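Notes to accompany the following structure.
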Amino acid sequence: MTRTNRMSPRQSVLPDISSPLVCQITVTAVSIAVFALVWQTIAAAFTPRQFPGIIALMKNVWVVISGGDRFAPVVTYGTTITRVVTGFMISMVLATFWGVIMGVQQSMTDYLAGPLFVLLTVPSVVWAFVGVLWLGLTEFAVPVLVIVLIVFPYLTTIIWEGTRDLNEDLLKMATTYDARRSHIWRDIYLPHIKPVLFGAMRVGLAVSWKLALVAEVFGTATGVGVAVNYHFEAFDTGMVIAWAIPVMGVMIIADRLLRWSERQAAQKRGYDTETTNLIA
Numbered sequence: 001m002t003r004t005n006r007m008s009p010r011q012s013v014l015p016d017i018s019s020p021l022v023c024q025i026t027v028t029a030v031s032i033a034v035f036a037l038v039w040q041t042i043a044a045a046f047t048p049r050q051f052p053g054i055i056a057l058m059k060n061v062w063v064v065i066s067g068g069d070r071f072a073p074v075v076t077y078g079t080t081i082t083r084v085v086t087g088f089m090i091s092m093v094l095a096t097f098w099g100v101i102m103g104v105q106q107s108m109t110d111y112l113a114g115p116l117f118v119l120l121t122v123p124s125v126v127w128a129f130v131g132v133l134w135l136g137l138t139e140f141a142v143p144v145l146v147i148v149l150i151v152f153p154y155l156t157t158i159i160w161e162g163t164r165d166l167n168e169d170l171l172k173m174a175t176t177y178d179a180r181r182s183h184i185w186r187d188i189y190l191p192h193i194k195p196v197l198f199g200a201m202r203v204g205l206a207v208s209w210k211l212a213l214v215a216e217v218f219g220t221a222t223g224v225g226v227a228v229n230y231h232f233e234a235f236d237t238g239m240v241i242a243w244a245i246p247v248m249g250v251m252i253i254a255d256r257l258l259r260w261s262e263r264q265a266a267q268k269r270g271y272d273t274e275t276t277n278l279i280a
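In full-length UniProt numbering, the protein residues as written are 1 to 280.
Structure, rendered in structure tokens:
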């Protein structure tokens, strides 16, 4: 008579606590719980208008997204996100071109690094003021200009460092076998640069969102930055934070998607993306 090994109910129901997914979910849940507890403890020492608690803050978020505030949420968020995406995409294209040239052609580094470092030293507020002086109060020009002039140098530096880290032995081997230039780019450069680009995109998208608010405060009449500034002048901390939370959620989702894409690209290259995990 044969005996069959049956899985006990305990084994079939309980998840494997050693799995990476369970560990990550547990750590995230604990972190959120601790953050909420600390936030609520601090909020108890202030008025809701100065430092709102979690429940009061969620009520403010509902007021924002339901259209209960003086600013229309669809138009306000749509305008800001459009500015962020436009500035980010322009920055990414310029940074990829500039950074790859500096990484591949070492002789060009001396010529291109100087202007890059100059741009890195200029504060975002300065570009916001200069943009208003140059272009006036515009819907898109000033925010996009500020995003590009600040984000582009940072992304260029990331892509430059990642590109020049290429294994020189691969290039020497390709040269020895007289490989075509197009094949070298397709089989060596592009697989190496792809994870770097995803990492740069994650950084650039997060920074672009922050800069958009600064630019909107100084250089536009619409957008989340304008709504935030309005409630700041009214000393309403809850509404200031509430207007930022929905876009923060969108940015977190976009970052997770880019991080997943980065991991997929890195696995094909055979290395871990945690070393390039800058903002996770």
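Note that the Cβ used here is the ideal one computed from N, Cα and C, for glycine as well.
Given the structure is predicted, the values throughout are model-derived calculations rather than measurements.
Buried or exposed for L278, please, with buried defined as at least 16 other CB atoms from any protein chain shown within 10 angstroms of its CB.
Indexing the sequence shown from 1 puts residue 278 at position 278. The predicted model places L278 with a pLDDT of 35, which falls under 50 and marks its position as unreliable; any figure quoted below should be read in that light. With fewer than 16 Cβ atoms within 10 Å of its Cβ, L278 is classed as exposed.
Whole angstroms is fine: what's the gap from G99's alpha carbon to K59's?
Looking up residue 99 in the sequence shown gives position 99. Looking up residue 59 in the sequence shown gives position 59. Computed Cα separation, rounded: 45 Å.
Considering only C-alpha positions, which residue in the set T76, T176 and M102 is nearest to D165?
As a first step, residue 165 must be located in the sequence shown, where it is residue number 165. Taking only the C-alpha atoms, the option nearest D165 is M102.
Which stretch, first to last residue, makes up the alpha helix (DSSP H) that contains D236?
Here residue 236 refers to the residue found at position 236 when the sequence shown is read from its first residue. Segment: none, D236 is in no alpha helix (DSSP H) and carries neither H nor E.
So which of V118, V146 and G225 has the shortest CA-CA distance to V130?
What you label residue 130 is simply residue 130 of the sequence shown in a count that begins at 1. Closest by alpha carbon: V146.
Check whether the Cβ atoms of P52 and G249 sit closer than 9 Å, and answer yes or no.
Here residue 52 corresponds to residue number 52 of the sequence shown, with the count starting at 1. Here residue 249 corresponds to residue number 249 of the sequence shown, with the count starting at 1. Contact flag unset, no.
Tell me which same chain residues have a C-beta within less than 8 Å of the C-beta of R49, skipping the five on either side of it?
For the purposes of this step, residue 49 is identified with residue 49 of the sequence shown, where counting begins at 1. F235, D236, T237 and G238, listed in sequence order.
With a cut-off of 8 Å on the beta carbons, I'd call T76 and T222 a contact; round off their distance for me.
Locating residue 76 in the sequence shown gives position 76, counting from the first residue. Locating residue 222 in the sequence shown gives position 222, counting from the first residue. About 7 Å; that satisfies the 8 Å criterion.
Starting from Y77 and walking both ways along the alpha helix (DSSP H), at which residues does that stretch end?
On the sequence shown, position 77 is the one that residue 77 refers to. P73 to V104 is the span of the alpha helix (DSSP H), which, as asked, contains Y77.
Report the residue from V122, A43, F117 and Q264 whose alpha carbon sits nearest the alpha carbon of P195.
Numbered from its first residue, the sequence shown carries residue 195 at position 195. Considering only alpha carbons, the answer is Q264.
Tell me which residue opens and which closes the alpha helix (DSSP H) that I184 is part of.
If you number the sequence shown from 1, residue 184 lands on position 184. Counting along the chain, the alpha helix (DSSP H) containing I184 begins and ends at R181 to I184.
Considering residue 284, what are the terminal residues of the alpha helix (DSSP H) in which it resides?
This structure cannot speak to residue 284, because the chain is shown only from 1 to 280.
Is the Cβ-Cβ distance between V207 and I245 less than 9 Å?
One-based indexing of the sequence shown puts residue 207 at position 207. One-based indexing of the sequence shown puts residue 245 at position 245. Not closer than 9 Å, so no.
Could you tell me which of G204, T80, H231 and A227 sits nearest to P153, measuring between CA atoms?
Counting from 1 along the sequence shown, the entry for residue 153 is found at position 153. Closest by alpha carbon: G204.
Give the secondary structure of T41 by DSSP, where H, G and I count as helix, E and B as strand, and everything else as coil.
By one-based count along the sequence shown, residue 41 stands at place 41. Three-state result, T41: helix.
With burial defined as no fewer than 16 other Cβ atoms inside 10 Å of the residue's Cβ, what is the status of H231: buried or exposed?
Against the sequence shown, residue 231 aligns to sequence position 231. Classification of H231: buried, given that the 10 Å Cβ count is 16 or more.
Determine the burial state of R186: buried for a count of at least 16 other Cβ atoms within 10 Å of its Cβ, exposed for fewer.
Position 186 of the sequence shown, counted from the first residue, corresponds to residue 186. So R186 ends up on the exposed side.
DSSP state of F51, grouped into three classes?
Numbered from 1 along the sequence shown, position 51 holds the residue referred to as residue 51. Under the three-state reduction of DSSP output, F51 falls in the coil class, being neither helix nor strand.
Using the beta-carbon count (16 or more within 10 Å), is M201 buried or exposed?
For the purposes of this step, residue 201 is taken as the residue at position 201 of the sequence shown. Buried, since its Cβ has 16 or more Cβ neighbours within 10 Å.
Does the Cβ-Cβ distance between L37 and T96 come in under 9 Å?
For this step, residue 37 is matched to residue 37 along the sequence shown. For this step, residue 96 is matched to residue 96 along the sequence shown. Their beta carbons are not under 9 Å apart, which means L37 does not touch T96 by this criterion.
Please return the same chain residues whose Cβ sits closer than 7 Å to the Cβ of G67, not counting the five positions on each side in sequence.
Here residue 67 is taken as the residue at index 67 of the sequence shown, counted from 1. The residues are P73.
Using CA coordinates, which residue listed in V122, G225 and F218 is at the minimum distance from L135?
In the sequence shown, counting from the first residue as 1, residue 135 sits at position 135. Taking only the C-alpha atoms, the option nearest L135 is F218.
Would you mind sorting R180 into buried or exposed? The rule is 16 or more other CB atoms within 10 Å of its CB.
Position 180 of the sequence shown, counted from the first residue, corresponds to residue 180. Within 10 angstroms of the beta-carbon of R180 lie fewer than 16 other beta-carbons, which makes it exposed.
Would you mind sorting A44 into buried or exposed? The rule is 16 or more other CB atoms within 10 Å of its CB.
As a first step, residue 44 is located in the sequence shown; it is residue number 44 there, counting from the start. The residue is exposed, with fewer than 16 neighbouring Cβ atoms inside 10 Å.
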